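Protein chains: 2
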Amino acid sequence: MMKEDKTLSIGGLSKLTGCNIETIRYYEKIALLPAPLRTQGGHRLYSNSLQKRLIFICKARGLGFTLEEVRNLLELINGDYSCDEVKHLVLEHLNVVKTKIDELARLQSSLELMASQCAGGDLPDCAAIDSLFEKE
Amino acid sequence: MMKEDKTLSIGGLSKLTGCNIETIRYYEKIALLPAPLRTQGGHRLYSNSLQKRLIFICKARGLGFTLEEVRNLLELINGDYSCDEVKHLVLEHLNVVKTKIDELARLQSSLELMASQCAGGDLPDCAAIDSLFEKE
DNA sequence: TATAAAACCTGTAGTAACTACAGAATCAAG
DNA sequence: CTTGATTCTGTAGTTACTACAGGTTTTATA
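Going down the list, the sequences are from chains A and E. The opening position of the first sequence corresponds to residue 1 in full-length UniProt numbering, with each subsequent residue numbered one higher. The opening position of the second sequence corresponds to residue 1 in full-length UniProt numbering, with each subsequent residue numbered one higher.
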């Protein structure tokens, strides 16, 4: 028995992937997801391979890749990619993520410092605020 | 001797704050930075108090506050704010930042796992990629 | 089978926080 | 006084979507 190709409506695909309907149509518009077949009434019907492609897109987005990065990954995969190339993109992205974490961590310390300088209470006077008005 | 009020052109202000010119005009357009006086030719002239206000905006943005949050902070400060109110906003924002750090940290692990599954080499076959095409 | 409700269609506009022009006017230096 | 740098306004583009409006199709129920 062969696995039949269960097509899905856009709503079904949305449920499957967690990606919402307008977003799916948006991905089609920017040619990230190929245009699917239609019913004779014009409703979209997604084949199994399109379903997989959207799953990929959503997961990669969830990992913080930009749409352009996702596009690159998909092109790589559709051509004859090498594991090296993929790994390269992943590691590059990993660096972006690490940098963001560092920035946020610095930011966290600044905010904590700010909160600690803020004595609290009703007084209209706050060292934390004052410091924000000074250059340097 | 009183401190004179050294006005700045928009370019000077841009240099002082590191905020670029179009952004300064943008802040004016959205009424975050009040409209400054003009030369008779129509060029903007920024008073000391506007300079301070922009410094504040830039610093708060640098701390990751959204423009709306910055607007709230400024209103608070211009009204008769209490230290409590400010502290509240700061702590709230601190939570947002912490949450973002957590998310990114999770993302970092996923990417590290992905990279480690990627064997490297020229082979067009990658467990890391394959996993992205599966649901769940 | 008729009809009503749910899902879907296209196209446009809005979101955040800017950036990037084009084409004209003004300012500062020599 | 001229030339080059700066500034002016206004509009459109960016990223990654979301939110309509107003109409058609599909599906479920009576």
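Backbone N, C-alpha and C fix where the C-beta goes; we use that ideal spot for every residue, glycine too. Just so you know, these numbers come straight off a predicted model, no measurement behind them.
Proximity below 8 Å, CB of residue 108 of chain A to CB of residue 94 of chain E: Inclusion of residue 108 of chain A and residue 94 of chain E in the CB contact set at 8 Å is warranted, their separation being smaller than that value.
Nearest-angstrom Cα separation, counted from residue 42 of chain A out to residue 14 of chain E: Linking residue 14 of chain E to residue 42 of chain A through their CA atoms gives a straight-line distance of about 53 Å.
Taking Cβ positions only, does residue 70 of chain E come closer than 8 Å to chain A? No, residue 70 of chain E does not count as interfacial toward chain A.
Residues near residue 76 of chain E by beta carbon distance below 8 Å, same chain, minus five either side: Correct list, in chain order: 85, 86, 89.
Just checking my contact of residue 70 of chain A with residue 104 of chain E at CB under 8 Å: how many whole Å lie between their CB atoms? Rounded, the Cβ-Cβ distance is 18 Å, inconsistent with contact.
In chain A, what lies closer than 8 Å to residue 112 of chain E by C-beta? Neighbourhood of residue 112 of chain E in chain A, by CB distance below 8 Å: 94, in chain order.
Evaluate residue 37 of chain A with the Cβ neighbour count: other Cβ atoms within 10 Å of its Cβ, from every protein chain shown; 16 or more gives buried, anything less gives exposed. For residue 37 of chain A, the number of other beta carbons within 10 angstroms of its own is below 16, and it is reported as exposed.
Output the distance between the C-alpha atoms of residue 102 of chain A and residue 126 of chain E, rounded to the nearest integer angstrom. Near 30 Å, if we compare the C-alpha coordinates of residue 126 of chain E and residue 102 of chain A.
Closest Cβ-Cβ distance between residue 108 of chain A and chain E: below 8 Å? Residue 108 of chain A belongs to the set of residues whose beta carbon lies under 8 Å from a beta carbon in chain E.
For residue 66 of chain E, which residues from the same chain have a beta carbon less than 6 Å from its beta carbon, with the 5 sequence-adjacent residues on both sides left out? Scanning its chain for C-beta atoms nearer than 6 Å, with the 5 sequence neighbours on each side dropped, one finds no residue around residue 66 of chain E.
At which residues does the alpha helix (DSSP H) containing residue 59 of chain E begin and terminate? Per DSSP, the unbroken alpha helix (DSSP H) holding residue 59 of chain E starts and ends at 48-62.
What is the DSSP secondary structure of residue 45 of chain E, counted as helix, strand or coil? Strand, per DSSP.
Cβ closer than 9 Å: which chain E residues qualify as neighbours of residue 126 of chain A? 77, 81, 82, 83, 86, 87, listed in chain order.
Residues of its chain near residue 17 of chain E, where Cβ-Cβ distance is below 7 Å and the 5 sequence neighbours each way are ignored: Scanning its chain for C-beta atoms nearer than 7 Å, with the 5 sequence neighbours on each side dropped, one finds around residue 17 of chain E the residues 54, 55, 58, in chain order.
Across which residues does DSSP place residue 37 of chain E in a beta bridge pair? Bridge partners of residue 37 of chain E: E/45.
Taking only the alpha-carbon atoms, compute the straight-line gap between residue 31 of chain E and residue 74 of chain E and give it to the nearest angstrom. Each residue's Cα considered, the two are about 12 Å apart.
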